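The sequence shown begins at 19 in the working numbering and counts up one residue at a time. Where a beta carbon is used, it is the ideal one built from N, C-alpha and C, also for glycine. All values reported here derive from a predicted model rather than from experimental measurement. Data block below; observations after.
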Amino acid sequence: MSKERAQRRAVREAAQARDAKAQAAKLRRRQARQKLGGRLAPKNSGRRSRPDSVLRRRRRRQDVALLAVLLLLNALLWTQVSDWKLRVVALVLSLLLWPLLVILVFDRRPSS
Numbered sequence: 019m020s021k022e023r024a025q026r027r028a029v030r031e032a033a034q035a036r037d038a039k040a041q042a043a044k045l046r047r048r049q050a051r052q053k054l055g056g057r058l059a060p061k062n063s064g065r066r067s068r069p070d071s072v073l074r075r076r077r078r079r080q081d082v083a084l085l086a087v088l089l090l091l092n093a094l095l096w097t098q099v100s101d102w103k104l105r106v107v108a109l110v111l112s113l114l115l116w117p118l119l120v121i122l123v124f125d126r127r128p129s130s
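Encoded structure:
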């Protein structure tokens with residue numbers, strides 16, 4: 019009788035050790051995902067996703083168009099101008115003027 023109990027206890031302890039190991043691995047993966055800022059997590063994991071509206075699609079399309087134009091202009095500048103200071107200034111100005119260009123080109127005034 020005691021041999022059977024010892025055997026059952028050994029099986030139970032092995033199962034607990036296996037579960038603890040799996041739980042620890044799961045915790046390590048979760049911490050690694052959090053450490054990387056969720057970049058490895060699926061797109062909608064734990065977050066509520068909002069439906070893709072017409073306004074959101076139009077805004078994304080406008081942003082991509084403006085980005086393409088700015089990248090094209092910067093690429094032309096980088097190929098035609100050899101002065102590094104001017105290249106960097108143009109790139110920084112493109113980034114700083116992005117909100118102003120969005121308002122001027124697409125008439126996205128803040129709602130008041």
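Expressed to the nearest angstrom, what Euclidean distance is found between the alpha-carbon atoms of residue i and residue j?
{"i": "Ala-38", "j": "Lys-21", "result": "25 angstroms"}
{"i": "Ser-112", "j": "Asp-101", "result": "17 angstroms"}
{"i": "Leu-33", "j": "Arg-23", "result": "The sequence given here has Ala at residue 33, not Leu. Roughly 15 angstroms separates the two Cα atoms."}
{"i": "Met-19", "j": "Ala-35", "result": "24 angstroms"}
{"i": "Leu-54", "j": "Leu-90", "result": "32 angstroms"}
{"i": "Ala-42", "j": "Ala-83", "result": "47 angstroms"}
Below 7 angstroms CB to CB, which residues in the same chain sit around residue i once its five sequence neighbours on both sides are set aside?
{"i": "Ala-108", "result": "Asn-92 and Leu-95"}
{"i": "Arg-105", "result": "Leu-95, Trp-96 and Val-99"}
Grab the span of the alpha helix (DSSP H) containing residue i for me, first residue to last.
{"i": "Leu-115", "result": "No alpha helix (DSSP H) contains Leu-115, which DSSP labels as neither H nor E."}
Spatial neighbours of residue i within its chain, please: CB distance less than 6 angstroms, with the 5 preceding and 5 following residues excluded, ordered by chain position.
{"i": "Gln-126", "result": "Note that residue 126 is Arg in the sequence shown, not Gln. Correct list, in chain order: Val-120."}
Excluding the 5 residues flanking residue i on each side, which residues of the same chain have their C-beta closer than 8 angstroms to its C-beta?
{"i": "Asp-70", "result": "none"}
Which full runs of the alpha helix (DSSP H) of 4+ residues lie inside the segment 30-110, going along the chain?
List check, alpha helix (DSSP H) in window: 72-98.
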